[in-house]
Structure formats: C-alpha cells, structure tokens
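Chain order of the listed sequences is A and B.
Residues are numbered in this note's numbering as their position in the first sequence, beginning at 1, plus a constant of 17.
No gaps in the numbering here: position 18 of the second sequence is 7 in this note's numbering, and each next residue is one more.
Every residue, glycine too, gets a C-beta built ideally from N, C-alpha and C.
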Amino acid sequence: MTEIFNQDTLPLFWGAIVAVALAVYVALDGFDLGVGILLLTAPNERERDVMVTSVAPVWDANETWLVFTGVGLFGGFPLAFGAILPALYLPLIGMLLCLAFRGTAFEFRFQTDNRRAFFDYAFCFGSVGAAFCQGLALGALLQGLNVKNGLFAGGTFDFLSPFTVLTGATLVFGYALVGATWLNWRTEGELELRTRRFALGLLPVFAVLLIAAIVSAPLAQPRIAEIWADATRRGVGVSLALGIVGGAVGVLAWRGRGSGRAAFFSSIFTVLCVVLLFVATLFPFVIPYEATIWQAASPERSQIVLLVAALVMLPIVGSYSAYAYYVFRGKVKSEAEAEAALAEAATDNKSSAPAGNVL
Amino acid sequence: MEIDATILSRIQFAFTVAFHIVFPSMSIGVGLFLVIVEFLYLRTNDELYQRIYRFWSIIFALGFGMGVVSGIVMSFQFGTNFGRWAQAVGPVIGPIIGMEVVTAFFLEAGFLGIMLFGWGKVGKRLHFAATFLVAFGTTVSAAFIMSANSWMHTPAGVVFENGRFVVTDWLAVIFNPSYPYRFIHMLMAAWITGAFFVAGISAWYLLKNRHTEFARKGFSISVGLASILLPLQLYVGDVLAIDVMAVHQPAKIQAMEGFWETTPDAQWNVIIVPDQKEQKNHVQIGIPYLGSLFVGKDLHTPVPGLKETPPAEQPKMWIVFYGFRIMFILGCVMFGAAVYSVYLRWRGRLFTSRAFHRLMFWLTPAGFVCVLSGWITSEVGRQPYTVYRMLRTADSVSPVSLEAVATSLTLFVVVYLTLLAAFIWLVVKYIRRGPAEPHAAAQPGDKPEAATIGMAWGGAKPKAIEEATGL
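Here it is, written out as structure tokens:
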C-alpha cells in the first residue's frame, strides 16, 4: 500500500485533489456569486430577497472550497503558495475585500428595511469584483509568472494585461450564467421567467468570451502553443472541449421548457470542464512556467497527512453538504408566500394529530 | 523606524488578525451559550428558551459572517505578505490548517444553514444536532489553529533543511510544549468572552426593565458560566506563563514583567516607561513583593530581567508589558464580578442588584479587550521571530512592493472599519428592538424570522407548528 505513495506519486495525487477543489469551488461559489452578479437586475426588493434566500444556507460551505484550495497549495506545494500569492497580490487582495462585502451583506441585509438597498449594492459589486479578480488571477497564471529561485521577482502590475482583463470578464459572465440557471431552477413566477431569458442570453456572450480567451491564450503566452502540441494533451483537451460544448447544448436544448434542473447541471458541467481545461494547460507546472508539482512539493510526510485527511473527510463532507442541499430543496417562495405556508401549517396542525418528533 | 514593505506587512497582518479574532471569540462563546439554551429547550419544552435561542442566534449569525470573511483573508495573507514564511513552514502548518478546513470549517459551514434557516424543515432534535455541530466545529477549529500557532512559539518535531521545515515527528509537532495550555486558555477565553457579552446585554434589559423573564434567564446562564470558568482561567493562565512560557520563551516573560535587571524581592510593576535603546525604565511604579510572589510563589524569588536576553533577540517591552497588564487586570476585575455574582445568587439578589447589573453592562466588551491584549502580548512577545529561534520575521516577508502593501493596508483599514461600523449599528439596533414577545401578532415591517425563511423552500412539508416556531 505504501508503495503507491512515494515522492513521485504523492504530488500527482495531491495535485489532483487541489485541482478538483478548485473546480468544485468555481462551480459552487460560481452560482452564488452569479446570483450576486444578477442581483441588481431584479426590479424590486421582494425578488432580491428571494434571490438571496435561494443561496443563503449554502454560500458559506461553497466558499470554504476556496480556503481548501489555498490551504491545499500551502501545505502540499508551499514553494508555489509562497511564490504565486505575492505575484497575484493585488487581484487576490481585491478578491478578499470583495468577498468580505459579499459575505457580510448576506447577513446584514436581512436586519434592515430602509437600508437594504445599500447592502444590495455591496452584495452585487462584491460578487462582480470577486469574480473579476478571480478571472484576472487565472489569466495571470496562464500568462506565466516572473518567479526566480522560488521567489516572485516581477512587478506589482505584471498580472494586468488585455488578456487577463478578458479572462476576468469571461469568468464574470460564466458565473452569471450558472447563477441564472440556478435561479431559474429554484424560483417561480416573474423571476423564473426573467432568469430563463438571462440564461439563454448569457450563454452566447460567455461562449464568445471563452473562445476569445482560448484563442488569445497562445498569443499572450507562446509556451501554451508548445504545450498543446503534445498528442495526449490534445486528446484530453478535445474531450474537455466536447464537454464544454455538450454542457452548452444542454442549456440550449432546454430552451426554457420544463424544470430548470437539467439546464443548471449542464451549465455547471461546462464550467467544470473549463476549469479542468485550465489545469490541463498548466500541468505539470504549479508555478507557471517555472516549477512543476514535483519541484514545489512538500516533503512526503506532509503530503501524506494532507492526503489521508482529505480522503477520509471529503466523502463525509460531501455527504452532509448534499444533505443540506436536500433540506433546502424546492422552489424558493417569497416572504408573503412563506407566511401563507406558515399559516396553512398552523391550521393543518390544529386539526390533525400532533406530528411528534421527526428526526 | 523606516517605513518599508516589511513593517507595513506586519501592521497589516496585526490589524487584520486583531479584527478577525474578535469574531471567532464571540462565535465560540455565544455558540456554547446557544447549545446550552437549546438543550434546555429540548428538555423542558419551555418556550422561553426558544425565544432566547432565536434572539441570540441572529447576533451569532452576524458575528459568524464577519468571522468567515475576515478568516479567509488570514489564510491568503500567509501567502501574499509572508510568502517566504509560508514556503518554509508550509510542510508543518499547511497540513494542520488543512485538517482544520476538512473537519471544522466544512462542518460549521455545512450545518450553519440548517441552524439558522432550518426551523420547520427539520425536527427539533436534528436542529439541536445542527447547533451542536456548529458550536463543536468552532471548538475543533480552535484546537487546530492553536496547535499551529503554538508550534510557532515552541517548535518541535522538525528539522530545518534546504530552506524549509521538514517534519520528523507529527505528534511532537501537534502536541508541542505550549499547545495544551494555550488551547485551553484561548478556548476558555472565548467562552468567557461570549458569557460576558450575553450577560452585559441581558443586564441592560434588566436595567431598563424590559423583557424581564427573557433577560433573567439569559443573565443567569451566562453569569453562571462565567463564574465556573474564570477561576479555572486564572489558574491556566498562571501555569501557562510561569511553568510553560518562562521555560520555552523566557524573553517574553522578561518583557512581560517589565524589569531590565533581574530583580529579587521584586515588586509587581504597574506603570513603567521603558527605554529599549538605553535598556532601562525611566519610570517604574509597582506593588511591593507581588512580582516575586507571582513568579516564584514566595516573596524573594528573582524576577528575570530583559537584559538576560541579547538586544537583538528582545521583543518590544512596552507592548508586551502593557498588553499583559491590561489583560490580567481586566481579567481580575471579571473574576471579581464572577465571585460577587455567586454571592448575590446565594443571597437571592442576582436579579435585583442594580449596581451589579450596571457593572456587568460596562463589562460587556471586557472579554474582547482581554482577548486582544492577550494576543498582542503573545505575538509581539515572540518577536523578532515568526518561528521562535528558528525563523526570523525579517526573513519571512514576501517580495512585494511598498506601494502594493500600502494600498492593501489602506483598503483593509477602510473596508474593515466600514464593515465594523455596519455590524455595530445593526447589532445595537437589533438589541434596542429586543426579542419578539411571546404570542405577538406579526406587525407589518417585521423582519423575516428564521421560521419564515425556513418555510421559504417548498421541498418539504412544514413540520408541526409548535416545533417550527415556538409561537
């Protein structure tokens, strides 16, 4: 058993987990940031309440995958963690501050009536800002980092270029798309109709931006063309590209009929494939294009602890996370409808036998 | 002192971590209170406990959110501003925090939704399980982070080679010499902080003669909790300082006591004006013999002076000294209040002594002040090292420009102070409004209660109304 885990394979295993964590983060926080991005498109407070309520019980757990990705780099590839984060200083600081506005706005907005609009702005701009900064960071990684001897050796604005602004915009629209399909699935009435139109409208915009980003990547960084010259990688790339297109077709085929569930999962599938395409471009580098996962890896004893902890705990985490989504399944009603349900339950229970403690 | 990226990074880290620690302290403390209250609700079915729970869970949620967003900042700041430290300690601290994430963070986040929004969607016992798991998650979180932080103070189980720490013994790393004491000390500090916070606000309602039944119950539970914990905390603090840190980090204890020369028959310094350059105090006022008494438990034991440590290894005395004095003196005041509360309870005057209620009201933030000054003592006392005697702060910072850090520091200060202002404004507003009265009809403009939000998802049939809302 211990022969599987050695200096050559551990970085692969742990690298795979970090890559999966990144993909899961982008998919999960993607849709709740997407809801935030779309928040101000709702014409009234009631609809905004419904939008926020739809993600209120799950946003924190979704965002925790970002911490897991970062800490996974910190513990598993510390050379990379300490080199990459200074290189992406301003976008990461920007992301953290935007997430601070977004996260607090969740709790704060329910505590006030006349100031709620202020928190709505914080929520929306925080979400857009966080998404854009994340996109800048991913683009900067594709561009490559100026890292010498394991230390960032470049300038404060190295991360900023037309290419990274493009990847920033791409991610914003990608999140908006999954946010729209989520809202369509989970809401009713006007909101359901509006987000249906948004989803179908955002998809082509996202597609154009994504294709532009993919096409201009080798221009921004010639090494990307060399990397993709390899046949095996091409095979993986084509499969992922098919996945992306398949997901898009899933959203289009739905065309607004029936349950939005299939469209939501199709859009999530597309986003997952995009992240994996990103990982496939950079592999085996973890500091692009200076150090591989083997060069940046922690000593074995550290990676094993991480791996065991993750392999034991992540299935458990997955189970209770899925349970939480199950508890909060179904369409989100507006406050008035919720109160009506409350009143109905009251009359129901007065006439029926006591329900007893249902676990 | 010249302004460079290093000092700005240190200031930024100090500011952001000080801001952060306030909120987990409240979450851990109020979390324990909520577990106790909901347990009592399940046992007695008394609707009063449900009202207490519902009221305090909103404040808990507000603070928890602040803790989450400021916490994410910390895990990334290790890399952005202290990248060289991160590369060196990653193999050690990374896996510890990794374990914290997959156990505690996901657990808290996963069940927080059910705790806050799940009334009416899950049964009473499952809801209590959610509350318990969230509170348990905060405790597990403290357990892991205190291990990582303690390792920085008393590193063990590692060798330093090729620019990084390599673990030779994981048990020695995790259970490093100062860990058990610092963990218990912090955990109890958080519980005490939460208790005084709840007690102080309850005392305000008692003084205003509002929601008396609600306030009395909350006051009784929180004050009772404080009176059990405070004597233990003083004991643990003493052991931590004298038996553990004096051995492993003597410079910190030397700076803490405020003497430059080792002094027998020592007073307990209360006011000093130290001069680090001259290595002496211009002013030194204290209580006779108490210094030796604290350190050696007799009147003559010499208190070690900071000159026993070479100047290049010395932390800044004025910060460590006053940090500790503030924490300790305020801690003694809190201890006094706790002892007095036991006396009052015995005499049946716990709910009627207005003087005591006024005292507790003013002590509402006392726990937070102690936590902050204690942490300042701890972390500044470790300087000039990040990993004690193994990695210096000067070798820990990231190669980022002065302009970049100046920008981020400014942004953090502006954003955090804005969020803090909003937080305080909302909490004060919420406390002023007070808990919902029992069996009150819903007024127009009432905030969506947790039960209503729980009803907002159409997936499951609403549970029995008594279970769901306690109305």
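Cβ pair count under 8 Å reaching 3, the stretch 278 to 292 of chain A against the stretch 189 to 201 of chain A:
These segments touch.
Mark B:Val246 as exposed unless 16 or more other C-beta atoms lie within 10 angstroms of its C-beta, in which case mark it buried.
Note on identity: in this sequence residue 246 of chain B is Glu, with Val being the wrong assignment. Flag for B:Glu246 reads buried.
Are the beta-carbon atoms of A:Tyr192 and A:Gly89 separated by less than 7 Å?
Contact check for A:Tyr192 against A:Gly89 fails: the beta carbons are separated by 7 Å or more.
Just by C-beta distance, which residues in the stretch 374 to 397 of chain B are closer than 9 Å to chain A?
Those residues of the stretch 374 to 397 of chain B that come within reach of chain A (Cβ to Cβ, closer than 9 Å) are Ser387, Pro388, Val389, Ser390, Glu392, Ala393, Val394, Thr396, Ser397.
Extent of the continuous beta strand (DSSP E) run through B:Lys269
Counting along the chain, the beta strand (DSSP E) containing B:Lys269 begins and ends at 269 to 276.
Here's a check: name, in chain order, each residue in its chain whose Cβ is nearer than 8 Å to the Cβ of A:Ser256, leaving out the five neighbours to either side.
Closer than 8 Å at Cβ, skipping near neighbours: no residue.
Quick one: what's got a C-beta closer than 7 Å to A:Leu219's C-beta in the same chain, skipping five residues either side?
Taking C-beta separations shorter than 7 Å and ignoring five residues to either side along the sequence, the partners of A:Leu219 in its chain run Phe190, Ala193, Leu194, Ala197, following chain order.
Does DSSP put B:Trp108 in a helix, in a strand, or in coil?
When DSSP states are grouped into helix, strand and coil, B:Trp108 belongs to the strand group.
For chain A, check one thing: does any of its Cβ atoms lie closer than 7 Å to the Cβ of B:Met141?
Taking 7 Å as the threshold, the shortest C-beta distance from B:Met141 to chain A does not fall below it.
According to DSSP, simplified to helix, strand and coil, what is B:Glu297?
B:Glu297: helix per DSSP, three-state reduction.
Looking only at DSSP bridge pairs, what is B:Val292 linked to?
DSSP lists B:Thr252 as partners of B:Val292.
Extent of the continuous alpha helix (DSSP H) to which B:Asp227 belongs
Segment 201 to 227, the alpha helix (DSSP H) holding B:Asp227.
On a Cα-Cα basis, can you pick out the residue from B:Arg171, B:Gly20, B:Ile276, B:Leu31 that is closest to B:Leu51?
For the residues B:Arg171, B:Gly20, B:Ile276, B:Leu31, the minimum Cα distance to B:Leu51 belongs to B:Gly20.
Within chain A, the residues that B:Gln76 reaches when beta carbons sit closer than 8 Å:
Taking a Cβ-Cβ cut-off of 8 Å, the neighbours of B:Gln76 in chain A comprise Pro95, Leu96, Phe98, Gly99, Ala100, Gly167, given in sequence order.
If you measure between the beta carbons of B:Ala145 and B:Leu219, is that distance less than 7 Å?
Not a contact, by the Cβ cut-off of 7 Å.
Could you tell me the distance, in whole angstroms, from the CA atom of B:Gly87 to the CA atom of B:Arg334?
When rounded, the distance between both Cα atoms is 45 Å.
In chain A, which residues lie less than 8 Å from B:Met245 when you measure between Cβ atoms?
Simply none; closest approach about 31 Å.
Taking a contact to mean a Cβ-Cβ separation below 7 Å, would you say B:His289 touches B:Asp254 in this structure?
Yes, the Cβ-Cβ distance between B:His289 and B:Asp254 is below 7 Å.
Would you call the CB atoms of B:Thr157 and B:Leu23 closer than 7 Å?
Cβ distance not < 7 Å, so B:Thr157 and B:Leu23 don't count as in contact.
To the nearest whole angstrom, what separates the beta carbons of A:Val180 and A:Gln160, a pair I think is in contact under 8 Å?
One point to set straight first is that residue 180 of chain A is Phe, not Val, in the sequence displayed. Confirmed, Cβ separation roughly 6 Å.
Chain-ordered neighbours of B:Thr69 on chain A, where CB pairs are closer than 7 Å
For B:Thr69, the residues of chain A that pass the 7 Å Cβ criterion are Leu102, Pro103, Tyr106, Leu109, Ile110, in the order they occur in the chain.
Using a beta-carbon distance below 7 Å, is B:Pro144 in contact with chain A?
With its beta carbon at least 7 Å from every one in chain A, B:Pro144 lies outside the interface.
Distance between beta carbons of A:Ala265 and A:Leu4, contact taken as under 8 Å
The structure shown does not extend to residue 4 of chain A, since chain A is modelled only from 18 to 376, so the question has no answer here.
Is the beta carbon of B:Thr143 sitting closer than 7 Å to the one on B:Pro169?
Not a contact, by the Cβ cut-off of 7 Å.
Round the Cβ separation of A:Ala78 and B:Ala93 to the nearest angstrom and send it over; I've been treating them as touching at under 8 Å.
Between A:Ala78 and B:Ala93 a beta carbon distance of about 12 Å is seen, past the 8 Å cut, so the two are scored as non-contacting.
Return the chain-ordered list of same chain residues with a C-beta closer than 7 Å to the C-beta of B:Ala473, the five sequence neighbours on each side being excluded.
Lying outside -10 to 460, the shown extent of chain B, residue 473 of chain B is not represented and no answer is given.
Express the C-alpha separation of B:Glu426 and B:Gln432 in angstroms, rounding to a whole number.
Low confidence applies to B:Gln432: its pLDDT is 46, below 50, so where it sits in the model is not reliable enough to give any reading.
Within chain A, the residues that B:Val111 reaches when beta carbons sit closer than 7 Å
The answer, in chain order, is Val344.
Rounded to whole angstroms, what is the Cα-Cα separation between B:Arg381 and B:Ile0?
One C-alpha to the other measures close to 16 Å.
Selected residue, minimal CA-CA separation from B:Phe310, among B:Asn198, B:Gln265, B:Ala344, B:Phe164
The shortest C-alpha to C-alpha distance from B:Phe310 to any of B:Asn198, B:Gln265, B:Ala344, B:Phe164 is the one to B:Gln265.
With distance defined between alpha-carbon atoms, name the residue in A:Phe127, A:Pro60, A:Ala33 nearest to A:Thr70.
Nearest Cα to A:Thr70 within the set A:Phe127, A:Pro60, A:Ala33: A:Phe127.
Answer with buried or exposed for B:Cys321, where buried requires no fewer than 16 other C-beta atoms within 10 angstroms of its C-beta.
By the neighbour-count criterion, in which a residue is buried when 16 or more other Cβ atoms sit within 10 angstroms of its Cβ, B:Cys321 is exposed.
Could you give the C-beta distance for B:Val155 and B:Pro80, rounded to a whole number, given that I count them as a contact under 8 Å?
Your pair B:Val155 and B:Pro80 checks out as a contact, with CB atoms roughly 6 Å apart and the cut at 8 Å.
Going by DSSP in three states, A:Lys348 sits in which element: helix, strand or coil?
A:Lys348: coil per DSSP, three-state reduction.
Could you list the residues in the stretch 292 to 315 of chain A with a C-beta less than 8 Å from some C-beta on chain E, going in chain order?
Checking the listed chains, one finds no chain E in this structure; the protein chains it contains are A and B.
At a CB-CB cut-off below 7 Å, which residues of chain B make contact with A:Asp77?
The answer, in chain order, is Val57, Ala98, Leu101.
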